[in-house]
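Worksheet: the structure to be examined is printed underneath.
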Amino acid sequence: MSNSQQVSTDFIRVIVAQDREAGKFDGAVHTRFPPEPNGYLHIGHAKSICLNFGIAHEFSGGLCNLRFDDTNPAKEDVEYVESIQEDVRWLGFDWQDRCFFASDYFERLYGYAVLLIRKEKAYVDSLTAEEIRYYRGTLTEPGKESPYRMRSMEENLDLFARMRAGDCEEGAHVLRAKIDMASPNINMRDPTLYRVRRVPHHRTGTDWNIYPTYDFAHPLSDSLEGITHSLCTLEFEDHRPLYDWVLDECEVICHSRQIEFARLNLTHTVMSKRKLLELIEESHVSGWDDPRLPTLMGLRRRGYPPEAVRRFCEHVGVAKRDSVVEVGLLEHFVRENLNANAQRVMAVLRPLRVVITNYPEGQVEDVQAVNNPEDPGMGSRAVPFSRVLYIEREDFREDPPKKYFRLAPGQEVRLRYAYIIRCEDAIKDEQGEVVEIHCTYDPETKSGSGQPGRKVKGTIHWVSEPHALEAEVRLFDHLFSDPNPEKDGRDYRTALNPNSMKRLQGCRVEPALQGAVAGQRFQFERQGYFCVDSESTAQRIVFNRTVALRDSWSKLEKK
RNA sequence: UGGGGGAUCGUCUAGGGGCAAGACAACAGAUUUUGGAUCUGUGAACCCAGGUUCGAUUCCUGGUCCCCCAGCCA
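Numbering (the numbering used here), first residue to last: 50 to 608.
Written out as structure tokens, the structure reads:
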């Protein structure tokens, strides 16, 4: 990766470079990706992963840790840590031996809390949650000091120890920083540092009855790991004074620098964990790996190459303004990657039977098909051709519009890699539906035979009936029809695209697809990129459409 | 009407007192045995108002609009 692809100098990279030049952190560059193991990763996380691991990779000696911010046992689970690791690896990043957990630091974090109490910079508050909220004041009014704020250091020490020991109920006490109840920054109005949680933790079990909050655990975890630049999203901007306060008051050696950037938003989708969960629970999608979701599991199942996701993340850049990136940009990088790498194959999604009336009955011949015109190294393959074929229904029109370069009565097309055929007749059923067409072929026009002067406007794909494999193909479209599903504060569900998935049964694909394994990617010529779905079996191959090919005909036809 | 951020083509991102750049998207053409790919070209932007200046998108002042914060979530 990152072989000199255009040096993007976003403001964070500029700061990191300046810090290194100024000799801060002894010239070290050490970042971290700090997910909370309470959900699955999505493409917004991919931006952060690429940023953090990318920066570490670009500066010599740079390192990036994977750190689970597991300070809230009520919401977290090992299931998530495993899937997060899998997703980060899939994206192509390696934390080597540096996978850490905030829970690894609980004992030391406790020590820092005790230090703050001894310095009279923290106290045990016994107000209820509602009372604390009331005492906090509002955005425009200062808060009031808790009556417990002046507890003696000894009493605080004792109470805090008893909180740890499990002597109290959830909610009975919390440890608070003693800062300034009148601060215009609400985060500085004596923020909570520790709360009682009588819930087993997925890593520390029942060792602890108290758990540190993000605001306390995060800066100290960064410091403990020697993180130089702690990159997070914009909503933490006004936590930065608190981040710095914690590190200052705890008198740590390494004072990490927090820098905030805008999170990634994409059109035609939603990104929040809550909404993704709702989509699943309400069965609008099948699960976290539904190919229509922006989760990394979903993108993977959809067939998006990790390289394309990385390229996308590099190209959207890093800045501080809120933005919504067009999903078309992501699709562009997917096509770019797949165009270069995917093997071409012919597949007929909506089959229409074609009989080549002048082709000898029972005869079969192989035609040579190029596997990837972008990469001759991928070679070619033999494709069987016979008297009866399938072509795409939409490649035949009884009444062709202008500039329709496909099959119509009396019109000619080339069958890709094979012969030029001419449509002689369309056979209909009682309803008047075309069920089969009869064509004649010109034996002089076999592909590669070089027939000067014999040009046709269109080339269509086909599959030989006796050799075809049957398959199911799932066509995906944007999950939401509106680019912004939450426009005007409406319920995003009202913008769901009812046609975001179409399942096509009875598709006919080239025999070369026999044995294709889950995850394998192909281009179905003239149609798009497809990958073998995880539900695929040897008996029934299932393909997912990753992304359609650009289609200038459909644009033309709309005019 | 407290505090913290932000405003550049349709979208994303650069630039920084002197021709506003790139990518995606759009459009037009060339080419093509994928209406794919490729190539060429075109159109498209500095939130507003004052000020400083020979010159302001950039600097200053004042506005406007947008986002975030009142969890014992992160």
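Backbone N, C-alpha and C define an ideal beta-carbon position, used for all residues, glycine too. None of the values given here were measured: they were computed from a predicted structure.
N-terminal and C-terminal residue of the beta strand (DSSP E) that residue i is part of
| i | result |
| --- | --- |
| Phe-571 | 570-573 |
| Pro-343 | Segment: none, Pro-343 is in no beta strand (DSSP E) and carries neither H nor E. |
| Leu-401 | 400-405 |
Residues bridged to residue i [DSSP beta-bridge criterion]
| i | result |
| --- | --- |
| Cys-556 | Ala-520 |
| Gln-307 | Ser-279 |
| Phe-82 | Leu-115 |
| Phe-525 | Met-550 |
| Val-301 | Bridge partners of Val-301: none, in fact. |
| Gln-417 | Ala-431 |
| Asp-37 | The first residue shown for the chain is 50 and the last is 608, placing residue 37 beyond what the model contains. |
| Asp-174 | Val-223 |
| Ala-396 | Val-558 |
| Cys-580 | Arg-570 and Asn-593 |
| Tyr-91 | Per the sequence shown, residue 91 should be read as His rather than Tyr. Bridge partners of His-91: Thr-344. |
| Phe-74 | In DSSP, Phe-74 forms no bridge with anything. |
| Ile-440 | Leu-401 and Trp-511 |
| Leu-545 | Phe-529 |
| Leu-315 | Val-374 |
| Phe-445 | Leu-456 |
Bounding residues of the alpha helix (DSSP H) (the contiguous stretch that carries residue i)
| i | result |
| --- | --- |
| Glu-61 | Note that residue 61 corresponds to Ile in the displayed sequence, not to Glu. Here the alpha helix (DSSP H) through Ile-61 covers 60-70. |
| Phe-434 | No alpha helix (DSSP H) holds Phe-434; the beta strand (DSSP E) holding it covers 429-435. |
| Gly-617 | Outside the displayed span of the chain (50 to 608) sits residue 617, for which this structure offers no information. |
| Val-566 | That residue, Val-566, is in no alpha helix (DSSP H); it is neither H nor E in DSSP. |
| Arg-594 | Not the alpha helix (DSSP H): Arg-594 falls in the beta strand (DSSP E), residues 590-597. |
| Tyr-184 | 178-184 |
| Glu-363 | 355-365 |
| Leu-325 | 322-330 |
Beta-carbon gap between residue i and residue j smaller than 7 Å
| i | j | result |
| --- | --- | --- |
| Asp-38 | Ala-151 | A question about residue 38 goes unanswered here, because the residues of the chain that appear run from 50 up to 608. |
| Val-558 | Tyr-439 | no |
| Phe-445 | Leu-401 | yes |
| Val-581 | Gln-563 | no |
| Arg-200 | Tyr-172 | yes |
| Lys-322 | Gly-88 | yes |
| His-527 | Met-320 | no |
| Thr-316 | Pro-343 | no |
| Gly-347 | Asp-339 | yes |
| Pro-240 | Asp-207 | no |
| Ser-195 | Leu-224 | no |
| Asn-314 | Pro-354 | no |
| Tyr-129 | Pro-86 | yes |
| Cys-556 | Leu-398 | yes |
| Gln-105 | Cys-113 | Per the sequence presented here, residue 105 reads as Ala, with Gln not at that position. Contact: yes. |
| Val-248 | Pro-122 | yes |
| Ile-61 | Val-367 | yes |
| Arg-471 | Thr-494 | no |
| Leu-273 | Ala-311 | no |
| Pro-268 | Leu-296 | yes |
| His-288 | Asn-236 | yes |
| His-510 | Glu-574 | yes |
| Phe-525 | Met-550 | yes |
| Arg-116 | Phe-142 | no |
8 Å contact criterion, which residue i and residue j should meet: CB distance rounded
| i | j | result |
| --- | --- | --- |
| His-460 | Pro-450 | Position check: residue 460 holds Gln in this sequence, whereas His was assumed. Not a contact, Cβ separation roughly 12 Å. |
| Glu-514 | Arg-552 | Between Arg-552 and Glu-514 the Cβ distance is about 22 Å, and since that is not below 8 Å, they are no contact. |
| Ser-498 | Val-416 | Contact doesn't hold; Cβ gap of about 11 Å is too wide. |
| Glu-447 | Ala-457 | 7 Å |
| Phe-74 | Thr-277 | 4 Å |
| Val-462 | Thr-508 | 7 Å |
| Val-373 | Asn-533 | 7 Å |
| Ala-389 | Asp-424 | 7 Å |
| Val-78 | Gly-111 | 4 Å |
Residue ranges of each alpha helix (DSSP H) run of no fewer than 4 residues wholly in the region 107-162, ordered along the chain?
127-140
Unbroken stretches of the beta strand (DSSP E), 3 residues or longer, contained in the region 447-514:
461-464, 469-477, 483-491 and 511-513
Could you pull out every unbroken beta strand (DSSP E) segment of at least 3 residues lying fully inside the region 199-282, listed in chain order?
If you keep only unbroken beta strand (DSSP E) runs of at least 3 residues inside the region 199-282, you get 223-226, 241-245, 259-261 and 278-282.
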